[in-house]
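Counting along the sequence shown from 1, when you hit position 472 you're at 472 in full-length UniProt numbering, and nothing is skipped either side.
Everything below concerns the one structure shown next.
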Amino acid sequence: MEQGSSNTAEQAAVVPCLGFDVFDRVLTRYMDDPQDILNFCLANKEYYGHYIGTLYRHNVRYGGSSALEWAAERGVLSVVSSILDVPRVEVFAHKDQWGKVLSIAQKQDNMRLAELLFERQHVQDFIQIAAAIKAGMVVNRSQEIITTLDDEEFMELDEESLLEPMFEAANKDQRRLVELYLSHVSVDLQNADGLTALHCAAGKGRYDLAKFLLEVHGANTEIRRIPGGFRPIEVAARDGQLRLVELLLSKGAEPRWGDGDAFTWPLTLAAVHRHEGIVRLLLQDPRIDPRARDGNGESCLELAAYFGNTGVVNILLEDGRADPNERNGRDETPLGLAAQRCQQEVVRLFLDDDRVDPNGQNTNSMTPLLVASSSMGIQSIHVIKMLLEDSRVDVHAQDDDGCTACVLAAKHGILRNVKALLRNPHIDPNQGDNNNKTPAMYAAAGYIRQTEATPVYLKRNKHLVLKALILDERVDLNKVDDNGWTAMHWALRRFRRENVQLLADSGRVNLNQDCGPGPRTPMEACILKHNSCTELLLDSGHLDLSETNPQGETPLMFAVRNAGSDNWDIERSVWLMLEKQLCGRLDLRYENGLTLLEQAVQVGSQKIVCMLLFTGKGTVTPRAKELCADAVIREMLDHHRGRPSRWWKYQKGWKFLGIWKFVVFMNLR
Numbered sequence: 001m002e003q004g005s006s007n008t009a010e011q012a013a014v015v016p017c018l019g020f021d022v023f024d025r026v027l028t029r030y031m032d033d034p035q036d037i038l039n040f041c042l043a044n045k046e047y048y049g050h051y052i053g054t055l056y057r058h059n060v061r062y063g064g065s066s067a068l069e070w071a072a073e074r075g076v077l078s079v080v081s082s083i084l085d086v087p088r089v090e091v092f093a094h095k096d097q098w099g100k101v102l103s104i105a106q107k108q109d110n111m112r113l114a115e116l117l118f119e120r121q122h123v124q125d126f127i128q129i130a131a132a133i134k135a136g137m138v139v140n141r142s143q144e145i146i147t148t149l150d151d152e153e154f155m156e157l158d159e160e161s162l163l164e165p166m167f168e169a170a171n172k173d174q175r176r177l178v179e180l181y182l183s184h185v186s187v188d189l190q191n192a193d194g195l196t197a198l199h200c201a202a203g204k205g206r207y208d209l210a211k212f213l214l215e216v217h218g219a220n221t222e223i224r225r226i227p228g229g230f231r232p233i234e235v236a237a238r239d240g241q242l243r244l245v246e247l248l249l250s251k252g253a254e255p256r257w258g259d260g261d262a263f264t265w266p267l268t269l270a271a272v273h274r275h276e277g278i279v280r281l282l283l284q285d286p287r288i289d290p291r292a293r294d295g296n297g298e299s300c301l302e303l304a305a306y307f308g309n310t311g312v313v314n315i316l317l318e319d320g321r322a323d324p325n326e327r328n329g330r331d332e333t334p335l336g337l338a339a340q341r342c343q344q345e346v347v348r349l350f351l352d353d354d355r356v357d358p359n360g361q362n363t364n365s366m367t368p369l370l371v372a373s374s375s376m377g378i379q380s381i382h383v384i385k386m387l388l389e390d391s392r393v394d395v396h397a398q399d400d401d402g403c404t405a406c407v408l409a410a411k412h413g414i415l416r417n418v419k420a421l422l423r424n425p426h427i428d429p430n431q432g433d434n435n436n437k438t439p440a441m442y443a444a445a446g447y448i449r450q451t452e453a454t455p456v457y458l459k460r461n462k463h464l465v466l467k468a469l470i471l472d473e474r475v476d477l478n479k480v481d482d483n484g485w486t487a488m489h490w491a492l493r494r495f496r497r498e499n500v501q502l503l504a505d506s507g508r509v510n511l512n513q514d515c516g517p518g519p520r521t522p523m524e525a526c527i528l529k530h531n532s533c534t535e536l537l538l539d540s541g542h543l544d545l546s547e548t549n550p551q552g553e554t555p556l557m558f559a560v561r562n563a564g565s566d567n568w569d570i571e572r573s574v575w576l577m578l579e580k581q582l583c584g585r586l587d588l589r590y591e592n593g594l595t596l597l598e599q600a601v602q603v604g605s606q607k608i609v610c611m612l613l614f615t616g617k618g619t620v621t622p623r624a625k626e627l628c629a630d631a632v633i634r635e636m637l638d639h640h641r642g643r644p645s646r647w648w649k650y651q652k653g654w655k656f657l658g659i660w661k662f663v664v665f666m667n668l669r
C-alpha cells in the first residue's frame, strides 16, 4: 500500500519537473484525441488549471473552435473568454462560427457574451468586412479570406449571418447589441430583405430605439427596402405603429411616394390594414391627398371598401375629399367593390350617404345590384336585400350582355341570391339577356360550368335553383330564346337529367311545343340524342304521343324518319315509346304517303322494322316490300305472320319473372 502511494507521488512530481510549457507540447503532439487531453486535465485540480488551455487550443487548431459555440449556448462565459484568448483563433475557427455565436448572444439576450466578442479585434474586422461586402464595396481578398498554417482556404465570409443579429436585435429592442454593431457599421446598412435597423424598429413599435437611431445616429428615413419598396414610415403604417408614424413624421419623413407624386403609401397601407388612428393622423397632414391613386389606379376609399374596413370608410367619407362615385382603373366604383365582396356594413355606409349613386356602373355596365347578385359570398343575400330596399336602385338594370340580376344569379347557380330576388315583386323572372335567354334556361342548362360532373353538381344543390324558379308561378318555362330553345332544350343539350326530371314533373312544360321554323320540339330533341331522358319524359305522364308537330308527325313518326340504318339513340327511343304503349295514332302517314313500317323499311333500319313487327304496330304491305333493299329486312317481312309476337303478348308475365329484358334482347338483337 505504501509502495503504491510512493509511485503516485513520484508520477505527480514528474510533471512539474518537465515544465508546464514542455508538457503542453507533449500533450499536443502525442494526444490526438481531445477526450484524452480532457481526461488528463480532470486527473486533479492542478492539472486542470495548468492544461485546460491546451484542450482549448487543440479544439481551435483541429476542431474549428467547435467548443466556442457549445460554451456560448450554455452561457459559460469563462470558457468563451478562454477560447477567444487562444492565439490565432481567428485563423482556425470556421468563418460561420462568429455569426452563429453572435446569433446565440442575440437570441439569449446575453449582452455580456456579445461584448466579449466585440472586444476582439478580429470580430470587429470581420463585421466591418461583411458590411463592406454587403454595401457592394471592393474588398481585398487578403482581408476577406484568412488561411490556416497549411495555406488551406476556409469558406468565404458569410456576411449575412454576421450582420443579421443586429437586425434581429432591432426587432427585439436589444439596444445594447445594436449599439455594439453601430460602432463598426453604418446605421443605414440593409439586410438580405433590404431592411435597415430603423425599418425593424418601426415595424415592431420600438419607439425608444427608433428615436435613438434617428437622433444619435441620424438614420435615413427615406431608404427603401428594395427599389420601389417600403420605407420605415410605410412599415410602421402597415403594422399599426401610430407612435412610430408620428415620430417619423416629426423627424422629416416624407409621407408621399416621391417627388411630384401625390400618392401616399402610408395612408393606403393603414386603410387596408384597418389602422383607423393612423388614417386620422395622416389625413391631418396637408401634404396628403386621399384622392390620390396607386399604380393600379386604386384609391384609399376603394381599397378600404374592397377589404370591408368599415371604420376607415367612415373616416374617409367624413373627411369629404374622396369622391364615393369615382371609378378606379378597372372602371369600378367603391360601392360596386363593396357589393362584389359582400361587405354588408360598408354597403350600408355608402347607401346612407346621399352623395353615392346606388346605380353607378362598373365594368360591363354592372350596377351594385348586378354585382351582388353574381357574387358567391355568403353575405350576398343581405347586400341584395339592402339594395332592393333602397327605392333609388334600378331592379331592372342590365349589363352589356343584357343580363338582369335574376339572370346573373341563375347563371352562376347561386340559390340564395335567386330566392332573394324572386321574393321581390318588382323583379321580372322572365326577362332574358340579349339572346332572350331567361333565368330558367340558364338554370336548366347547368349554369356557367358546363363540364361540372353531375355528382358534384347535385352535391352543391345547384339543381335546386331551377326548382326555385319552377315554384314561382310567374316563371314561363316554355319561353323561347333566339335559338328557338326552351329551358327543356337547354337541359337536354347539357344532359342535366335531374333538370329534365324537374321540368317534366312540373306539368308546365309543353314537350311538343312548336319552337318556330327549324328548331325541334323538346321531345324531338330528346329523341335524337338523349334516349335516357326520353324515358324520364314518358314516365312523367305529361307527354301526349298522339300530338303532331307542324309537319303532321307524332314523336314516333319523327323518330322513325330520322333513324337511319344504325342509330342506337333513336332506336332506343322508338322502343321506349312502343313499350310504354302510349304511341297511339299509328295509322297516320307521312307527307310522302308512307306508313311507319314503310318509312322504317325505306331508311333501312333493321331494328326498328323488327320492333314494329315484334309489337304488331306495323303492317306488312306490298309497298313495304317494294321499298326494301336490305336482305335481312326482306326476310323479316316475308316471315312475318301479321300479328304481334307471342313473347310480346305475355310481356307482363316476363316482367313479373324478371326476364323481360332478356326476352327483348333475344328477340331484337
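Note that the Cβ used here is the ideal one computed from N, Cα and C, for glycine as well.
What's the C-alpha gap between residue i and residue j?
{"i": "glutamate 298", "j": "proline 368", "result": "18 Å"}
{"i": "asparagine 362", "j": "aspartate 428", "result": "22 Å"}
{"i": "valine 475", "j": "valine 509", "result": "11 Å"}
{"i": "leucine 214", "j": "valine 187", "result": "9 Å"}
{"i": "valine 560", "j": "serine 573", "result": "10 Å"}
{"i": "serine 374", "j": "methionine 488", "result": "23 Å"}
{"i": "glutamate 524", "j": "threonine 554", "result": "9 Å"}
{"i": "aspartate 208", "j": "alanine 202", "result": "10 Å"}
{"i": "alanine 304", "j": "serine 380", "result": "18 Å"}
{"i": "arginine 287", "j": "arginine 256", "result": "8 Å"}
{"i": "asparagine 549", "j": "proline 522", "result": "11 Å"}
{"i": "leucine 596", "j": "lysine 625", "result": "13 Å"}
{"i": "asparagine 512", "j": "valine 632", "result": "34 Å"}
{"i": "leucine 269", "j": "asparagine 220", "result": "21 Å"}
{"i": "aspartate 399", "j": "aspartate 352", "result": "25 Å"}
{"i": "asparagine 191", "j": "lysine 95", "result": "19 Å"}
{"i": "proline 300", "j": "leucine 267", "result": "Looking at the sequence itself, residue 300 is cysteine, so the reference to proline does not match. Whole-angstrom Cα-Cα distance: 7 Å."}
{"i": "aspartate 354", "j": "glutamate 389", "result": "15 Å"}
{"i": "tyrosine 51", "j": "aspartate 85", "result": "Note on tyrosine 51: pLDDT 45, under 50, position unreliable in the model; no value is reported."}
{"i": "proline 334", "j": "proline 358", "result": "10 Å"}
{"i": "glutamate 234", "j": "tryptophan 265", "result": "6 Å"}
{"i": "glutamine 124", "j": "alanine 271", "result": "44 Å"}
{"i": "serine 565", "j": "arginine 497", "result": "27 Å"}
{"i": "valine 356", "j": "glutamate 326", "result": "10 Å"}
{"i": "histidine 542", "j": "glutamate 535", "result": "12 Å"}
{"i": "aspartate 294", "j": "asparagine 430", "result": "43 Å"}
If the criterion is Cβ atoms closer than 7 Å, does the pair residue i and residue j meet it?
{"i": "alanine 322", "j": "arginine 348", "result": "no"}
{"i": "aspartate 289", "j": "alanine 262", "result": "yes"}
{"i": "leucine 421", "j": "alanine 405", "result": "yes"}
{"i": "leucine 537", "j": "alanine 504", "result": "yes"}
{"i": "valine 598", "j": "arginine 634", "result": "Per the sequence shown, the amino acid found at residue 598 is glutamate instead of valine. Their beta carbons are not under 7 Å apart, which means glutamate 598 does not touch arginine 634 by this criterion."}
{"i": "glycine 229", "j": "aspartate 158", "result": "no"}
Taking residue i as the reference, give the member of the options with the closest Cα.
{"i": "leucine 177", "options": "Ser506, Ser186, Met166", "result": "Met166"}
{"i": "isoleucine 378", "options": "Ala339, Thr404, Glu160, Asn359", "result": "Ala339"}
{"i": "alanine 563", "options": "His122, Val603, Ser540", "result": "Val603"}
{"i": "asparagine 328", "options": "Phe350, Thr310, Gly360, Ala71", "result": "Gly360"}
{"i": "arginine 392", "options": "Ile226, Phe350, Lys419", "result": "Phe350"}
{"i": "alanine 440", "options": "Ala468, Asn424, Arg416, Leu247", "result": "Ala468"}
{"i": "leucine 502", "options": "Ser546, Asp482, Leu477, Trp485", "result": "Leu477"}
{"i": "alanine 253", "options": "Glu115, Glu591, His426, His199", "result": "His199"}
{"i": "histidine 609", "options": "Trp575, Leu317, Asn592", "result": "The sequence given here has valine at residue 609, not histidine. Selected option, being the one with the closest Cα: Trp575."}
{"i": "serine 540", "options": "Arg520, Gln551, Val500, Phe558", "result": "Val500"}
{"i": "glycine 413", "options": "Met376, Val101, Gly432", "result": "Met376"}
{"i": "alanine 105", "options": "Ala131, Val76, Ile133, Gln121", "result": "Val76"}
{"i": "leucine 471", "options": "Ala237, Val418, Lys385, Ile223", "result": "Val418"}
Along the chain, where does the alpha helix (DSSP H) containing residue i start, and where does it finish?
{"i": "aspartate 319", "result": "310 to 319"}
{"i": "valine 393", "result": "Segment: none, valine 393 is in no alpha helix (DSSP H) and carries neither H nor E."}
{"i": "glycine 277", "result": "276 to 283"}
{"i": "tryptophan 257", "result": "Run containing tryptophan 257: none; DSSP gives neither H nor E here."}
{"i": "cysteine 515", "result": "Cysteine 515 -> no alpha helix (DSSP H), and no H or E assigned at all."}
{"i": "isoleucine 129", "result": "121 to 134"}
{"i": "cysteine 200", "result": "197 to 204"}
{"i": "serine 506", "result": "497 to 506"}
{"i": "tyrosine 181", "result": "175 to 182"}
{"i": "tryptophan 575", "result": "568 to 580"}
Distance cutoff 7 Å, beta carbons only. Does residue i sit that close to anything in chain D?
{"i": "serine 250", "result": "The structure shown contains no chain D; it is built from a single protein chain."}
For the ligand GTP, I want to know if residue i counts as a neighbour, meaning its beta carbon is within less than 6 Å of at least one of the ligand's heavy atoms.
{"i": "arginine 623", "result": "As far as ligands go, the structure on display features none, and thus does not contain the ligand GTP."}
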